[in-house]
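Report on one structure; see the data block that follows.
Numbering (my numbering), first residue to last: 209 to 966.
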């Protein structure tokens, strides 16, 4: 597919992904990716990388470009100290990536990162012999340490002796400095005093006025230092050769790690392309279906690109795109082919995530007007030669893209040839997309059910293309309108219309009318969609407000119930007082208490607690609110019912009762005493339980909360219908040990959690 990919500018587009690479190896990996029939592994790895990037910062700041160094080692050359530091940096980078792999959840990326091999011995060796500033350390070997210690002693003695010699010959010197050249200490002596200074002349100035002499007193020390310098150099080379050899022994591991890092870099670059370019990972199908939604050609700048929406159903053989020149037909054709190739090569594309791309074994393309001068081929001839090759190679697993089919020759013969080529493509069973101006081919596409028709939109008011693709609508060429806008006189345009055959005029007129209708529908559709979005936003707002009101209503009811409970407690205290008075038989006190109880009764009657009415009927099992005894309703009197509690029958108001489960048969219970453990964490999860099942757990939780150091606990009951939450609040309302309770804040779990303080 190389020729076809070149026409689709496949390599140029791949370069756009490489700008997010952190290594040359990653760039080479991306540029080497080609369309294949199994890109799913790569696409899944990109998705894994995107997930990893949400939690981890990839160690992209290490030096991973060590391929030239590995080639140097393989060729037998010795690595320099700073090159060893680069090898060390590479190993550290691999270790950092592997550490991320250990922390990731199970995924293909995790497996890929864990394939990186550890090289601790090489890492330690380099750290042992090379300092951070790229120098060989004194302790790299015992011999090197001894050489450098001796060298320091000789150098120190040489400096002291040089100062004494300089003082000795001071009157003969041109400059009172000690010159150090080629590893030897020299004096700058006036040439006229040469005989006064015994030694070896090494250099002279350009004027000949100054001679640089090595005094004979310094020669043995300079010689010794020179020998030590050479010994040091040989020992350093031995050390470097030794560690380079160790790297050579592990060269296969280095190359494997380099390959893995390059692959990871390519995944990172493609993931960053998704994040930075608003692209998506599309998993291809094998059905032959193609649907691009909001597809943007990557080589067109974002401020100029017009998103493309185009579809070829699985039941369609191909698509015929028509419309005016410079309207976007070729861009649409290229985008279809390019995005198919990119997805098949494992790349994300700049299209909506709901787009569909199919896998093809071949992508065969004829785009562009080329003249082959060497072969003396015209534009038409070069097209036909390429189309001939396409027809020979096309099969059921091929995607064929042909631009401006039928042009370059006589329109009548070109149309006939175009129709025959399209029929042959249908016969071969391939999926195809062709662009054309030929009216017969437009009509052919409308008539054949297996062909989809589309056009690029043209604005008749501005006389310019909009670059939008209209599916299901053929396009007019708008040659006259375009010619007029480019300066052709109206007289010439009218004459052209006169020469146009009646059938062609009618066809073009019908197509224009159809396009205008579609354009109007498109505008209306946009308005409807905008209105739909507006209504959806309103619906979401209403739901939020309703939820807010619902929660506030629950809290309001609970407050009323708490007030009622408090009042009932007061009544109970007054009853106890009344009983006490009766025992003393103090009539005046009794009258006073009775009056107070009567007043409380009137207050209680006036209380209106919403949402507390219960439908109770004959046969139901009930209990008093807050009570434990369960009875059966034997008679329904309307506002009141007769309840049989076994030991007694009572007539009670329905509002004082609540539905209960039927009592289970009495059985021997075994009680297991549990130690009073202090809570490890102040929360209990009762989701999925009924209020009856949850009550002992909540009470036990309050007990433990009191015994623990926690002053606040969290009862997780979930949101659901709110029945369990209401039951929990009723339990807490009755418990005198509870100081306060409320729904959780959004950070604590919202209305799915009750926060209790004891």
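A virtual CB, placed ideally from N, CA and C, is assigned to each residue, including glycine.
(message) Buried or exposed for residue 333, going by 16 or more other Cβ atoms inside 10 Å?
(response) buried
(message) My parser needs the alpha helix (DSSP H) runs of 4 or more residues fully inside the stretch 291 to 323; what are they?
(response) 316 to 322
(request) From the DSSP output, in three-state form, read off residue 826 for me. (result) coil
(message) What does the alpha-carbon distance come out to for the pair residue 958 and residue 897?
(response) 19 Å
(request) Tell me whether residue 500 is buried or exposed, calling it buried when 16 or more other Cβ atoms sit within 10 Å of its Cβ. (result) buried
(request) Give the single residue among 254, 904, 744 and 558 whose Cα lies nearest to the Cα of residue 221. (result) 558
(message) Using only the alpha-carbon positions, how far apart do residue 505 and residue 565 sit?
(response) 15 Å
(request) Would you mind sorting residue 522 into buried or exposed? The rule is 16 or more other CB atoms within 10 Å of its CB. (result) exposed
(request) Tell me whether residue 937 is buried or exposed, calling it buried when 16 or more other Cβ atoms sit within 10 Å of its Cβ. (result) buried
(message) So, at 7 Å on beta carbons, what are the nonlocal neighbours of residue 458 in its own chain, with the 5 sequence-adjacent residues on each side left out?
(response) 327 and 330
(request) Determine the contact status of residue 242 and residue 553, defining contact as a CB-CB distance below 7 Å. (result) yes
(request) Assign residue 491 to buried or exposed, taking buried as 16 or more other Cβ atoms, counted over all protein chains shown, within 10 Å of its Cβ. (result) exposed
(message) Taking its Cβ as the centre, do 16 or more other Cβ atoms sit within 10 Å of residue 397, making it buried, or is it exposed?
(response) buried
(message) Taking the beta strand (DSSP E) that residue 506 belongs to, which residues open and close that run?
(response) No beta strand (DSSP E) contains residue 506, which DSSP labels as neither H nor E.
(request) Could you work out which residue in 616, 638, 627 and 512 is closest to residue 567 when comparing CA atoms only? (result) 638
(message) Can you confirm whether the stretch 391 to 406 touches the stretch 372 to 383 when touching is taken to mean that 3 or more C-beta pairs between the two stretches lie within less than 8 Å?
(response) yes
(request) Go ahead and pull the three-state DSSP assignment for residue 819. (result) A caution first: residue 819 carries a pLDDT of 43, below 50, which makes its placement in the model too unreliable to give a value.
(request) Can you tell me which of the three DSSP states residue 850 falls into? (result) strand
(message) In whole angstroms, give me the CA-to-CA distance for residue 650 and residue 664.
(response) 13 Å
(message) Let's see if you can read the secondary structure: which residues bound the alpha helix (DSSP H) around residue 470?
(response) 459 to 485
(request) Enumerate in chain order the residues of its own chain whose CB-to-CB distance from residue 602 is below 7 Å, with the five nearest sequence positions on each side excluded. (result) 572, 608, 633, 636 and 638
(message) I need the DSSP call for residue 615, collapsed to helix, strand or coil.
(response) coil
(request) Specify whether the stretch 310 to 319 and the stretch 279 to 293 touch according to this definition: at least 3 beta carbon pairs, one from each stretch, less than 8 Å apart. (result) no
(message) Here's the rule I'm using: 16 or more other beta-carbon atoms within 10 Å means buried, otherwise exposed. How should residue 420 be labelled?
(response) buried
(request) State buried or exposed for residue 894, treating a residue as buried only when at least 16 other CB atoms are found within 10 Å of its CB. (result) buried
(request) Taking all protein chains shown into account, decide if residue 426 is buried (16 or more other Cβ within 10 angstroms of its Cβ) or exposed. (result) buried
(request) Decide yes or no for the touch test of the stretch 243 to 261 against the stretch 544 to 552: beta carbon pairs closer than 8 Å, at least 3 of them. (result) yes
(request) Check whether the Cβ atoms of residue 275 and residue 461 lie closer than 7 Å to each other. (result) no
(request) State the CB to CB distance for the pair residue 677 and residue 516, rounded to an integer number of angstroms; the pair is presumed to be in contact (CB under 8 Å). (result) 6 Å
(message) As a quick exercise: from 923, 373 and 430, pick the residue whose alpha carbon is nearest that of residue 391.
(response) 430
(request) For residue 465, I'd like the list of residues in its chain whose CB is within less than 7 Å of its CB, leaving aside the five on either flank, ordered along the chain. (result) 302, 324 and 325
(request) Using three-state DSSP, classify residue 582 as helix, strand or coil. (result) Below a pLDDT of 50, predicted positions are generally treated as unreliable, and residue 582, at 41, falls in that range; no measurement from the model is reported.
(message) Do residue 234 and residue 623 have their beta-carbon atoms positioned less than 7 Å apart in this structure?
(response) no
(request) Tell me whether the beta-carbon of residue 543 lies closer than 7 Å to the beta-carbon of residue 503. (result) yes
(request) Within the same chain, show all residues whose beta-carbon is closer than 7 Å to that of residue 209, passing over the 5 residues directly before and after it, in chain order. (result) 243, 570 and 571
(request) Using alpha carbons as the reference points, say which of 414, 415 and 409 lies closest to residue 422. (result) 409
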